[in-house]
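Peer 1: Residue numbers (the numbering used here): 168 to 506.
Structure provided below as structure tokens; questions to follow.
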């Protein structure tokens, strides 16, 4: 697109993208419709904005910011399947640090929060990769092992801001997890920080969907605890339609479902225990002993015991991120509030 073709409408659309940071396809079409209404001096509805027109404005915006080391990526939401667009910084440098609106204590808290998601709450038996709201306010997350800390009130305020800026999502069950915007921008850093690059076939903290190749923090896993195959729920149906049988492509075990990734790895187990508890109340004492014996070695989440005896929009490849970028990218939002 030449300079003459890049109009005030394109500039306004880019400014709207930068202000929001992340938005859905429907939100993006509404943004563009509002701009076109002013530009054409007549009302333009969002449903009048074609996909082709929207894509052309996205491509123009991505091209305009590429020389400033920014990119526009898109991905599908892991739960809603909505198309999400995000304005991300492709590199980390001194300018990124200067631009931050977070305090050093807040950055340390954010790092400990992510550590809790991908280290503490992410094991072979329970790949949760999320954190309950109450756990996020515990002193070991707010303070860590250093003297740098934030108060509970400050943590609550920061969590609210990060959710509003679409870095975090809070579920109906009260779990915080990384939102699509964070998963897009922190992808390289998450892999570099939490995965063992020496053995790519071994179990890793950060897993990718076998179908779409994006990070999985909500979905299903193979019943073999050591297997690395994961699938998004939204990708599962199409994936199995393309295969001759519902068997794991790596270890060849039958894929029965019910082995969850994300908060459901916890909530499904809790629900099973509640149901068993209600059943035990109606069980005679002689039956109770048998029930307890049967449950002693029962795999979690219904797993089998198999042990022996964002589509990128911008043209250029993303630069690898650093640890500093991971902490600061969660803080360099142009639409953030001062704490």
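Backbone N, C-alpha and C define an ideal beta-carbon position, used for all residues, glycine too.
What's the call for residue 285, buried or exposed, on a 16-neighbour Cβ count within 10 Å?
Peer 2: By the neighbour-count rule (16 or more Cβ atoms within 10 Å), residue 285 is buried.
Peer 1: Residue ranges of each beta strand (DSSP E) run of no fewer than 3 residues wholly in the region 352-425, ordered along the chain?
Peer 2: Whole beta strand (DSSP E) segments, 3+ residues: 386-388.
Peer 1: Leaving out the 5 sequence neighbours to the left and right, which residues in its chain are closer than 7 Å to residue 370 when beta-carbon positions are compared?
Peer 2: Same-chain partners within the cutoff: 291, 393, 395.
Peer 1: Quick one: what's residue 241 bridged to in DSSP?
Peer 2: 252, per the DSSP bridge assignment.
Peer 1: For residue 335, write down the residues that DSSP places opposite it in a beta bridge.
Peer 2: Paired residues: 345.
Peer 1: In chain order, what residues of the same chain lie with their CB nearer than 8 Å to the CB of residue 246, ignoring the 5 residues before and after it?
Peer 2: Once the five neighbours on either side are set aside, the close Cβ partners of residue 246 are 385, 400, 401.
Peer 1: What's the C-alpha gap between residue 233 and residue 336?
Peer 2: Distance between the alpha carbons of residue 233 and residue 336: 28 Å.
Peer 1: Would you say the region 356-370 touches the region 327-343, given that touching needs at least three Cβ pairs under 8 Å?
Peer 2: In short, these stretches do not touch, since the Cβ pair count stays below three.
Peer 1: Is residue 288 helix, strand or coil when you go by DSSP?
Peer 2: Coil, per DSSP.
Peer 1: Where do the N-terminal and C-terminal ends of the alpha helix (DSSP H) with residue 221 fall, by residue?
Peer 2: Taken as a continuous stretch (DSSP letters only), the alpha helix (DSSP H) holding residue 221 covers 218-232.
Peer 1: For residue 389, which residues in the same chain have their Cβ closer than 6 Å to its Cβ, ignoring the five residues on either side in sequence?
Peer 2: Within the same chain, residue 389 has close Cβ partners 396, 415.
Peer 1: The beta strand (DSSP E) with residue 190 in it runs from where to where?
Peer 2: Element bounds for residue 190: 189-191.
Peer 1: State whether the region 304-321 contacts the region 419-428, with contact taken as three or more CB pairs (one from each stretch) at a distance under 8 Å.
Peer 2: Too few Cβ pairs lie closer than 8 Å, so no.
Peer 1: To the nearest angstrom, how far is it from the Cα of residue 196 to the Cα of residue 213?
Peer 2: Their Cα atoms are separated by approximately 5 Å.
Peer 1: Going by other Cβ atoms of all chains shown within 10 Å of its Cβ, with 16 needed for buried, is residue 347 buried or exposed?
Peer 2: Under this definition residue 347 is a buried residue.
Peer 1: Secondary structure at residue 205, three-state DSSP: helix, strand or coil?
Peer 2: Helix at residue 205.
Peer 1: By Cβ distance, which residues of its chain are closer than 6 Å to residue 179, with the 5 residues on each side in sequence left out?
Peer 2: 202, listed in sequence order.
Peer 1: In the DSSP assignment, find the alpha helix (DSSP H) that holds residue 302 and state where it starts and stops.
Peer 2: Note, residue 302: alpha helix (DSSP H), 300-303.
Peer 1: Under a Cβ-count criterion, where at least 16 other Cβ atoms within 10 Å of its own Cβ denotes burial, should residue 404 be classed as buried or exposed?
Peer 2: It counts as exposed.
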